Amino acid sequence: MRLARAIPRLMTLYAAGFAAVVVQVGYWQLVRGNELRANPNNRRSVMNLRRGRILAADGAELAKDARVAGDSNALQPRYQRVYPQGEEYAHLTGYSSVKYRQAGLEAALNRWLLGLEARPPEPRNLQQVLDRLARGPVRIGCDVTLSVIPAVQDSARRALDRRDGAIVALDVRTGAVLAMVDWPTYDPNRIDDDWTRLQTSAKPLLARAYQEYYPPGSVFKPVTAATALDTGSAAPETSFDCQGTKVLAHTRVKCFNLNGHGPLTLFDGVAKSCNIVLAETALRIGPLKFENSVAGTGLGEAPRLFRPGADPGGVVKGGAFPRGDKLTPAELAACGYGQGGLQVTPLYVATEGQMLGNGGVAMAPWLVSRITGPDGAVLYQHPAESGRQAFSAATAAEVLKMMRAVMRPGGTAAHLGLDGVDVCGKTGSAQHETGKPPHSWFLAVAPAEAPRVAVAAVVENGGYGGRVAGPAAMRVLRVALEATR
Amino acid sequence: MPRRRERALMVTALGIGLAGMVLVAVAGGATLEAGLTGRPELTVPAIALLWGQLALAALLCHLVLARRHRGADQVLLPLSLGLTGLGVTIIFSLAPGQAQKQVNWLWVSLAVLLLTVTLRGDIDRFRDYRYLFGLLTAVLLLMTMVLGHESHGARLWLKLGPIALQPGELAKVTLVFFLAGYLDSRGDMLVDGGRRVLGIELPDPRYLGPVVLMWGFGMVLLVGLRDLGTALLFFGTFLSMMYAATAQAGYLWLGGAGFAGGLWICSRLFHHVRIRLDMWQNPWPEAQDKGYQIVQGLFAIAAGGVGGVGLGLGGAERIPAATTDYPFAALCEELGLWGAAMAVALFGVWVYRALRLGASHPNRYRALLSTGIGCLMAVQTLVILGGVTKLIPLTGITLPFISYGGSSLVTNYLLLGLLLRCSEGAR
Numbered sequence: 001m002r003l004a005r006a007i008p009r010l011m012t013l014y015a016a017g018f019a020a021v022v023v024q025v026g027y028w029q030l031v032r033g034n035e036l037r038a039n040p041n042n043r044r045s046v047m048n049l050r051r052g053r054i055l056a057a058d059g060a061e062l063a064k065d066a067r068v069a070g071d072s073n074a075l076q077p078r079y080q081r082v083y084p085q086g087e088e089y090a091h092l093t094g095y096s097s098v099k100y101r102q103a104g105l106e107a108a109l110n111r112w113l114l115g116l117e118a119r120p121p122e123p124r125n126l127q128q129v130l131d132r133l134a135r136g137p138v139r140i141g142c143d144v145t146l147s148v149i150p151a152v153q154d155s156a157r158r159a160l161d162r163r164d165g166a167i168v169a170l171d172v173r174t175g176a177v178l179a180m181v182d183w184p185t186y187d188p189n190r191i192d193d194d195w196t197r198l199q200t201s202a203k204p205l206l207a208r209a210y211q212e213y214y215p216p217g218s219v220f221k222p223v224t225a226a227t228a229l230d231t232g233s234a235a236p237e238t239s240f241d242c243q244g245t246k247v248l249a250h251t252r253v254k255c256f257n258l259n260g261h262g263p264l265t266l267f268d269g270v271a272k273s274c275n276i277v278l279a280e281t282a283l284r285i286g287p288l289k290f291e292n293s294v295a296g297t298g299l300g301e302a303p304r305l306f307r308p309g310a311d312p313g314g315v316v317k318g319g320a321f322p323r324g325d326k327l328t329p330a331e332l333a334a335c336g337y338g339q340g341g342l343q344v345t346p347l348y349v350a351t352e353g354q355m356l357g358n359g360g361v362a363m364a365p366w367l368v369s370r371i372t373g374p375d376g377a378v379l380y381q382h383p384a385e386s387g388r389q390a391f392s393a394a395t396a397a398e399v400l401k402m403m404r405a406v407m408r409p410g411g412t413a414a415h416l417g418l419d420g421v422d423v424c425g426k427t428g429s430a431q432h433e434t435g436k437p438p439h440s441w442f443l444a445v446a447p448a449e450a451p452r453v454a455v456a457a458v459v460e461n462g463g464y465g466g467r468v469a470g471p472a473a474m475r476v477l478r479v480a481l482e483a484t485r
Numbered sequence: 486m487p488r489r490r491e492r493a494l495m496v497t498a499l500g501i502g503l504a505g506m507v508l509v510a511v512a513g514g515a516t517l518e519a520g521l522t523g524r525p526e527l528t529v530p531a532i533a534l535l536w537g538q539l540a541l542a543a544l545l546c547h548l549v550l551a552r553r554h555r556g557a558d559q560v561l562l563p564l565s566l567g568l569t570g571l572g573v574t575i576i577f578s579l580a581p582g583q584a585q586k587q588v589n590w591l592w593v594s595l596a597v598l599l600l601t602v603t604l605r606g607d608i609d610r611f612r613d614y615r616y617l618f619g620l621l622t623a624v625l626l627l628m629t630m631v632l633g634h635e636s637h638g639a640r641l642w643l644k645l646g647p648i649a650l651q652p653g654e655l656a657k658v659t660l661v662f663f664l665a666g667y668l669d670s671r672g673d674m675l676v677d678g679g680r681r682v683l684g685i686e687l688p689d690p691r692y693l694g695p696v697v698l699m700w701g702f703g704m705v706l707l708v709g710l711r712d713l714g715t716a717l718l719f720f721g722t723f724l725s726m727m728y729a730a731t732a733q734a735g736y737l738w739l740g741g742a743g744f745a746g747g748l749w750i751c752s753r754l755f756h757h758v759r760i761r762l763d764m765w766q767n768p769w770p771e772a773q774d775k776g777y778q779i780v781q782g783l784f785a786i787a788a789g790g791v792g793g794v795g796l797g798l799g800g801a802e803r804i805p806a807a808t809t810d811y812p813f814a815a816l817c818e819e820l821g822l823w824g825a826a827m828a829v830a831l832f833g834v835w836v837y838r839a840l841r842l843g844a845s846h847p848n849r850y851r852a853l854l855s856t857g858i859g860c861l862m863a864v865q866t867l868v869i870l871g872g873v874t875k876l877i878p879l880t881g882i883t884l885p886f887i888s889y890g891g892s893s894l895v896t897n898y899l900l901l902g903l904l905l906r907c908s909e910g911a912r
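Line order of the protein sequences matches chains F and H.
First residue of the first sequence? That's 1 in the numbering used here, and the numbers climb one at a time after it.
First residue of the second sequence? That's 486 in the numbering used here, and the numbers climb one at a time after it.
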């Protein structure tokens, strides 16, 4: 009978289908399981796993998981993210929300914070052995320790004082971020409730320190000067003449001192922040060498601030400037004093001070100093890096001398200084929109003889650099020098 | 007392159901009094009531069968009730409010089952009405096509006042009757044609008509109902039965290739079919949009691991249509790989019992009927389980006995009743 012959084969076919379903379930659970659990679209990872903490350099908790209040479910506790410091560290930690997933460091180090990069702890007693057999290995998030020092961070928050802008402090020798604040910001504890309110033109979710571009204005002049020295296009004592305005490359360049500085050297040009001197210097360097040198400072690259893994975590390129055919002589002259098409992040300006203070060696800025597993084992330690020689040591020392003169009588920031410490500085007042006050910039590196700290500050529409951003940067510098003593 | 085996299995099935519901309730924070958790469904009395109904229904069925049908299969009823208990547990975990509704439908289903097994008369008489059944199948499906109420991109529902029915579910039953009758009377002619083409002994063209007709009908279903699932289910059942009756594997290959070709053409012509195929191949870029259901389902499966997170502790309720289309993903999450394998095994045993009956029954019509029911159950289970696990494109059909939904549950118990009826007089 045909039925009796065909049915066993049909049954075999179905059995193969059923077996394939079970194998496929096993594939998703065992082979792809970890990957799917860490998928940012998977909200389970936010709710049911205890994420690791984010700690400051001194161990202060910046982010931690707390049991959801009133959750009676004892078998599988649910967690919510708590940021004890509120908005102060918002742009350092980012946020982790059930609704809006993760951003910033929380996103970049998601797999570590979820414990997926760590070996699960070995079961210690019978209960844990049974649990492991029943549910698979327990995942507990890894703790991430940052290089940020709370005292410096606090001083930076107070120095910025709720003015739109950003302050970044770096360790000159290593590139470690000591402080990073910006305004406006948001409270990561309230991200779910505030979300729609945060979608404003003021962009509080944007981390101005590493996600926003500003024209640098005069804080870029040390880079032009260093390039001139490195390429041999000019020496500190090369003389120029400033009559307030000058037509360079068929374009009228104006100095902020409309009466003119008179005859002066490149050294004085930096100290007195003369646009005409630096514009002419840039023209002497020429587009090709200028472009190469500026690219060598890392302007065109996004620093891997949250270093482990490949996720950039939203950090943008250090800056942008016209390249190739777009770098016309007129553009080149303008870029020489930090205007034209040149755009940079506050983090880049801090890196500029860092490399000049570190003998010309640029250390890519970093934020994460250590990751520890649930058992306390150190899974990641920031390695000693060799950095990149952007300028020669001699050039860096010469430019630092110019920046030191900025803080001396005759310089643009002669009124600023710290007791007992020789500070190198550079003011900047960046034109950005006609009719609006310029962005106020300041870059400080200290101590002059053996720099430890670089601070960059920008206050949007703040006006004159030495008046607004300067004092703010000096406050942070004082605290940072104490903290890194 | 006869049917001891059924009684023993029934106690096991009900025990599993009870344990499951208690675990879900405990995980949800069950208390003795209502009001403490703010979820009145999650109290011990509520669970006792729910389970009590299940047990009472089971006992009733067992007693009726023991009195009237001593020779009927003793495994199928406990198996079906066990699956239903598992389903109610999962529904209870996903949407506590729907559990009682499902139990209400279980009462209706069991009434239909009892009616099917107790009605006097001979089931063999239906053989004479085979073309009527064929017509009825077409009418039921065309009715849905024309009058159906569209939801979720598919037209499956027929609204009769406040009640929404799925005529497609009843059409499954009439299809099996039609195919069994047709193959019983014409099956041999399909084989004895003489000419072999592509490894198939082609019958006389006169008898091949229905095969081509069925293929065309499957394509019309796909286009008209916009429902890949129903088309796949009907066509798969048809091919399985053709193969069972003729033992010619060529029908499976040719039919499968024909369906795949039709599917490919449909995917060129119809946007919704192409989206289904695209979301099968790579749902990840659309994880928040078109691929949301399948991606969230895979997350649920992955969350389970080997042992599962525990009943009532899963997060599968965020999957759209979780209780109707995706209870299996919830099951994978809460009971893990072991639980999923056990559930699949239960379906396997169900199909095995049905097909074994088909292979051994001395009455050819009843054998074909049993085979058809077994094939229908197997194809339906495989289509939805394969879809949920991304083995094949996802189609929104129900998982027999487990999914929430009245039409589906009643139909499954009707099929069970017919199978029990057929099993009498088996060797």
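Every residue, glycine too, gets a C-beta built ideally from N, C-alpha and C.
Since this is a predicted model, take the numbers as computed values, not measurements.
Taking a contact to mean a Cβ-Cβ separation below 8 Å, would you say residue i touches residue j in this structure?
| i | j | result |
| --- | --- | --- |
| S97 of chain F | I7 of chain F | no |
| M699 of chain H | G747 of chain H | no |
| W28 of chain F | Y100 of chain F | no |
| V253 of chain F | N275 of chain F | yes |
| A465 of chain F | R163 of chain F | Per the sequence shown, the amino acid found at residue 465 of chain F is Gly instead of Ala. In this structure, R163 of chain F does not lie closer than 8 Å to G465 of chain F by Cβ. |
| Q773 of chain H | N41 of chain F | yes |
| P365 of chain F | G340 of chain F | no |
| A448 of chain F | R404 of chain F | yes |
| V368 of chain F | F306 of chain F | yes |
| A486 of chain F | R284 of chain F | Any property of residue 486 of chain F remains undetermined from this structure, which presents chain F solely from 1 to 485. |
| A473 of chain F | A444 of chain F | yes |
| L114 of chain F | V144 of chain F | no |
| A430 of chain F | P222 of chain F | no |
| M407 of chain F | G435 of chain F | no |
| Y898 of chain H | V597 of chain H | yes |
DSSP beta-bridge partners for residue i?
| i | result |
| --- | --- |
| I7 of chain F | In the DSSP output, where bridge partners are listed per residue, I7 of chain F has none listed. |
| F240 of chain F | F:L264 |
| Y380 of chain F | F:I371 |
| S440 of chain F | F:S429 and F:V459 |
| W183 of chain F | F:G165 |
Report the rounded CA-to-CA distance for residue i versus residue j, giving the unit in angstroms.
| i | j | result |
| --- | --- | --- |
| G606 of chain H | G902 of chain H | 14 Å |
| T622 of chain H | M726 of chain H | 16 Å |
| T604 of chain H | H547 of chain H | The amino acid occupying residue 604 of chain H in the given sequence is Leu; Thr does not appear at that position. So the two alpha carbons sit approximately 16 Å from each other. |
| N125 of chain F | A118 of chain F | 21 Å |
| W592 of chain H | Q585 of chain H | 11 Å |
| T883 of chain H | Y889 of chain H | 8 Å |
| Y614 of chain H | G743 of chain H | 29 Å |
| L205 of chain F | L418 of chain F | 34 Å |
| P287 of chain F | T224 of chain F | 12 Å |
| G520 of chain H | G582 of chain H | Here G520 of chain H scores only 41 on pLDDT, less than 50, and its place in the model should not be relied on; the value that follows carries that caveat. Taking the straight line from one Cα to the other gives about 15 Å. |
| G871 of chain H | L10 of chain F | 18 Å |
| W823 of chain H | G298 of chain F | 54 Å |
| V468 of chain F | I140 of chain F | 46 Å |
| D230 of chain F | I54 of chain F | 42 Å |
| L867 of chain H | T715 of chain H | 13 Å |
| T808 of chain H | M630 of chain H | 25 Å |
Next item on the list: Report the residue ranges of all alpha helix (DSSP H) runs contained in full by the region 253-336 of chain F; include only those spanning at least 4 residues, in chain order.
Entry: DSSP runs (the alpha helix (DSSP H)) wholly in the region 253-336 of chain F: 266-271, 275-285, 287-296 and 329-336.
Note to self: Is it the case that the region 890-908 of chain H contacts the region 813-822 of chain H, given that we only count it when at least three CB pairs across the two stretches are under 8 Å?
What the structure shows: Contact between the region 813-822 of chain H and the region 890-908 of chain H is absent, with fewer than three C-beta pairs closer than 8 Å.
Notebook entry, point to check: Curious, which full-length alpha helix (DSSP H) runs of at least 4 residues does the region 684-770 of chain H contain?
Noted result: Every alpha helix (DSSP H) of 4 residues or more that sits fully in the region 684-770 of chain H is shown, in chain order, as 690-709, 713-731, 734-754 and 756-766.
Note to self: Please give me, in chain order, every unbroken run of the alpha helix (DSSP H) with length at least 4 that falls completely inside the region 389-419 of chain F.
What the structure shows: Complete alpha helix (DSSP H) runs here, min 4: 393-406.
Item checked: Stretch pair the region 343-357 of chain F + the region 261-279 of chain F: three plus CB contacts closer than 8 Å -> No: fewer than three Cβ pairs fall under 8 Å.
Check: In the region 827-862 of chain H, which residue ranges form an unbroken beta strand (DSSP E) of at least 3 residues, counting only runs that do not cross its ends?
Finding: Counting only runs of 3 or more, we get nothing.
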